[in-house]
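Residue numbers for the sequence shown follow our numbering, so the first one is 540 and each next one is one higher.
For each residue, glycine too, the CB sits at the ideal point set by N, CA and C.
A short write-up of the structure that comes next.
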Amino acid sequence: MSHEKFSSVIETLHECMTACNHCYDSCLQEDDVKMMAECIRLDRECADICGYLEQALVRGTPFVSDLAKVCATICEACGNECKQHDHKHCQQCADACFKCAEECKKLAS
Numbered sequence: 540m541s542h543e544k545f546s547s548v549i550e551t552l553h554e555c556m557t558a559c560n561h562c563y564d565s566c567l568q569e570d571d572v573k574m575m576a577e578c579i580r581l582d583r584e585c586a587d588i589c590g591y592l593e594q595a596l597v598r599g600t601p602f603v604s605d606l607a608k609v610c611a612t613i614c615e616a617c618g619n620e621c622k623q624h625d626h627k628h629c630q631q632c633a634d635a636c637f638k639c640a641e642e643c644k645k646l647a648s
């Protein structure tokens, strides 16, 4: 199967999607949800693109490079937003996002 060559990046995408979903849910529980609005929005964007790229790689998409480039951009944006917040879930999400962005950049080149 062609997706086996992407097994490492698929795992990284899944980890990022999971971290973003956790961060999203945790941000909604914060006292000042309004302050977390951009973090929440980017968590959703990032989780969605990571999930989509994960599925597309398994399907054998011919758009690997294009999708990986978009995913890297969104992961980086989400990581930059999350690292501004002191919450543990935001810091963990930022780490996962930056790791995923690096993997996607390699895939895009």
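- In the structure shown, residue 587 adopts helical secondary structure according to DSSP, grouped into three states.
- Taken through DSSP and simplified to helix, strand or coil, residue 594 comes out as helix.
- The segment 565–576 and the segment 593–604 do not touch, with fewer than three beta-carbon pairs separated by less than 8 Å.
- In this structure, DSSP gives residue 570 a state outside helix and strand, which the three-state scheme calls coil.
- Residue 646 sits buried, since 16 or more C-beta atoms from the chains shown fall within 10 Å of its C-beta.
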